Each structure stands twice: as structure tokens, then as C-alpha cells.
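Comments concern the structure below.
2 protein chains.
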Amino acid sequence: MRISTKFSDALHLLSFIEVFKSQKITSETIAASINTSPVVVRRLIAELRTAKIIGPYEGGCSPRLAESSKDVTLFDVYTAIEHKRRLFNVDHDTNPRCPVGAHIPDVLDTVYAEAEAAAFGQLRRTTLRDVIDRIEVAHRMEGEVS
Amino acid sequence: MRISTKFSDALHLLSFIEVFKSQKITSETIAASINTSPVVVRRLIAELRTAKIIGPYEGGCSPRLAESSKDVTLFDVYTAIEHKRRLFNVDHDTNPRCPVGAHIPDVLDTVYAEAEAAAFGQLRRTTLRDVIDRIEVAHRMEGEVS
DNA sequence: TTTCTCCGTAACTGACTCAGTTACACACAA
DNA sequence: TTGTGTGTAACTGAGTCAGTTACGGAGAAA
Chain H
0 MRISTKFSDA LHLLSFIEVF KSQKITSETI AASINTSPVV VRRLIAELRT AKIIGPYEGG
60 CSPRLAESSK DVTLFDVYTA IEHKRRLFNV DHDTNPRCPV GAHIPDVLDT VYAEAEAAAF
120 GQLRRTTLRD VIDRIEVAHR MEGEVS
Chain P
0 MRISTKFSDA LHLLSFIEVF KSQKITSETI AASINTSPVV VRRLIAELRT AKIIGPYEGG
60 CSPRLAESSK DVTLFDVYTA IEHKRRLFNV DHDTNPRCPV GAHIPDVLDT VYAEAEAAAF
120 GQLRRTTLRD VIDRIEVAHR MEGEVS
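Going down the list, the sequences are from chains H and P. To convert, note that position 43 of the first sequence is 42 in numbering that gives the first Met the number 0; the numbers rise steadily by one, no gaps. To convert, note that position 143 of the second sequence is 142 in numbering that gives the first Met the number 0; the numbers rise steadily by one, no gaps.
So this is what it looks like as C-alpha cells:
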């Protein structure tokens, strides 16, 4: 199985509501940009809201970031969406009567944790603001070419 | 989707055939340690063989590493089993007429690649020998306790 | 040779996950 | 009151994964 596109869609959603924060935004508007259905968007918003990345619902108002985009890291978003899901999966159902089978789950837990820490450290170092900046740079460059 | 346990099982398999290389090994023996079926083991062996991590089939002989366990990195095994599979999934099906939707796939491709590079770098730094060493340390410590 | 063991591989199955849809009650604004 | 958008639950179809059955072939032993 694979890390779903929910994480990507969540980052898309957050970038969208920040870029267009001066305009009225509905789940329909967002869904049109992500190419998905409004319900999927609302589910994502609900998850990001319980993680306090999106502020509380205020009847009819467009969703807003709870804090500055500079203070939201990609790791925050990852955990909001994927919770404690690991990047690599350890097979814990092994034969405890075999020296290898008995100890490899713990060994892989440790080894994988090191690799995951490296990836998550990078996600922690990248903020939502960084993502939006890159989007805006790409958008401006497109304008110059055409 | 999540990275399946195939990667873990492959590392288990490789550790097993290296630790018990002085003994006769069948897919049945290995399957008993991994707690799976011999067919699953044979499929794994086939994949590791095409990646040249396990040496060619020599009728009836037990499977052997193609090179020293010190020269096999976890990244080698990862690519043998999961090929180019990415740790994070980019949703490329977005609306190109929206500034955010048009550029976020490329931005996430880049950002994810940085995080993946960090994780894969760690996998490259870890060898099969390291894994086996840790298994043997754990095994010896168990002996002392009991 | 015949028999036995093990291998490689293909085809099928059941469980699980994911994205998407339909549906419906609720809140707020016009 | 009507309309719009929200939150949430339930269902669906596609896709993936691990496991199983099955079968032909190679090599060793009788």
C-alpha cells in the first residue's frame, strides 16, 4: 500500500485558502482546483481543523489558517492527515523460535526509525510558506514566458 | 498506500540466508522463519535475483548472496523490491487553470524529493551487515538474560 | 528409469484501503 | 421561508497485497 494523495491534497488545500484568503472560498471552489469532490475537501478540512491547522468553523465564513503559514511545517500537515503512519512497514508476525525471526522486527523498527527521522526532519524544515512561495515563483515565471 | 511488508520480508530473508549460510536452506525453511508461505519466499528470491542481490540459481543449492553483506545497502534492497516507488504520493490530477492547481504538483515533486533523499541517504548508509550485526547482538543479549 | 524434493511461475482469492458519490440534517443569510 | 454551504455517515468500485492452489521442470537418490 502506498501513502495516499491525501497529504498532497491537504497541502494543495492549505496553499489554496492562503493564496486566495481575500476571496470567498467554498468547498466547491477548492474541489475545482484539486479536481475532486466537495465532500473529499470537507473531510480534509475537518481533519486539519481537529489538528488546529485550520481555525474553527465560523458559520458561512471561508476556512482560514489557524496561524501564520510560516509556522505550519509539512510535518504538522503530515501528522494531521496520516497521524503516526510510518513510511516503512515492519512485519511483526515472525517466528520467535528462530534467532533471525525473533529479533528482526525490533532491529528493523530501529533502522527504519532512523530513515524516517531523516525524512521527517526535512518535512519539519519546510513550511507551508515555502510551498506557497515556490508556487508563486512558478506562476510568475509562467507569466513571463507567455 | 503504504510501503508493504515485502521490503521487511526481503531483509529478513537476506539476513536469514546469510546467518545460516553453512546449512541447507529451502524456501520452506525461510518461510517458517518469516511466517509466510514458500511461494511468497520464492517470489521474493526471484525479485532479489533479478536485482543481482542473490546469486543465480544453481540447481538444488541454497540461495546465496551475490556479494558480501557489507556491500549490500538497504537502499539496494528497497529498489530491488519497490523499484522507483516514492514514499510520498503527488496528486498530478489537478486543475491547470488555477494558479495553485497548475503548479503544486511540480512543487510537491521537488519538496518530497528532498525528504525522500534524506531517507534514502540513510538507507544507503546502512548495510545488510549492520542489520545482521544488530540481530546477533540482540540474540546474544537474550542468551545472557535467560 | 522411476521417485522424491524443491524450484519457478501463473492464476485465483479474500482482506483491506482509498477516492469518490449519494444522502441528509443543520446553520446561517437573503 | 427559501437557498446555500457545511458536517458526517454509509455505500461503491478500483486497486493492491498476501496467501493459496496448481503445475511443469530440474536435479538427487533409489
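The beta carbon of each residue, even a glycine, is placed where N, CA and C say it ideally should be. Only a predicted model underlies this, so the values are computations on that prediction, with no experimental measurement involved.
- Setting aside the 5 residues that flank it on each side, Phe6 of chain P is surrounded in the same chain by Val76, Tyr77, Ile80 and Glu81, each with a C-beta closer than 8 Å to its C-beta; the list follows chain order.
- Minimum Cα-Cα distance from Ile33 of chain P among the listed residues H:Leu13, H:Glu141 and H:Gly100 corresponds to H:Gly100.
- Uninterrupted beta strand (DSSP E) stretches at least 3 residues long and entirely within the region 6 to 92 of chain P do not occur.
- Taking 9 Å as the cut-off, the beta carbon of Leu43 of chain P is found no closer than this to the beta carbon of Asp70 of chain P.
- As computed with DSSP, Thr126 of chain H is found in a beta bridge with H:Thr72.
- Chain order gives the chain H residues near Asp105 of chain P as Ala137, where near means a beta carbon separation below 7 Å.
- Residues Glu17, Thr126, Leu127, Arg128 and Ile131 of the same chain have their beta carbon placed closer than 7 Å to that of Ser68 of chain P, with the five preceding and five following residues left out of the count.
- Going by beta carbons, Arg123 of chain H and Phe74 of chain H fall inside the 9 Å limit.
- In this structure, Tyr111 of chain H lies near Arg85 of chain H, with their beta-carbon atoms less than 9 Å apart.
- Closest option to Ala137 of chain P, judged by alpha-carbon separation, among H:Cys97, H:Leu64 and H:Leu47: H:Cys97.
- Remark: C-beta atoms of Val89 of chain H and Thr4 of chain P approach each other more closely than 9 Å.
- The residues Ala101, in chain order, have a CB closer than 7 Å to that of Pro95 of chain H in the same chain once the five nearest residues on each side in sequence are set aside.
- Nearest CB-CB separation between Glu113 of chain P and chain H: below the 9 Å threshold.
- Between Thr25 of chain P and Ile103 of chain H, the alpha-carbon positions lie close to 20 Å from each other.
- Nearest CB-CB separation between Thr93 of chain H and chain P: below the 9 Å threshold.
- Closer than 9 Å to the CB of Ala117 of chain P there is at least one CB belonging to chain H.
- Scanning chain P for C-beta atoms nearer than 7 Å to the C-beta of Arg42 of chain H yields nothing, as the closest lies near 15 Å away.
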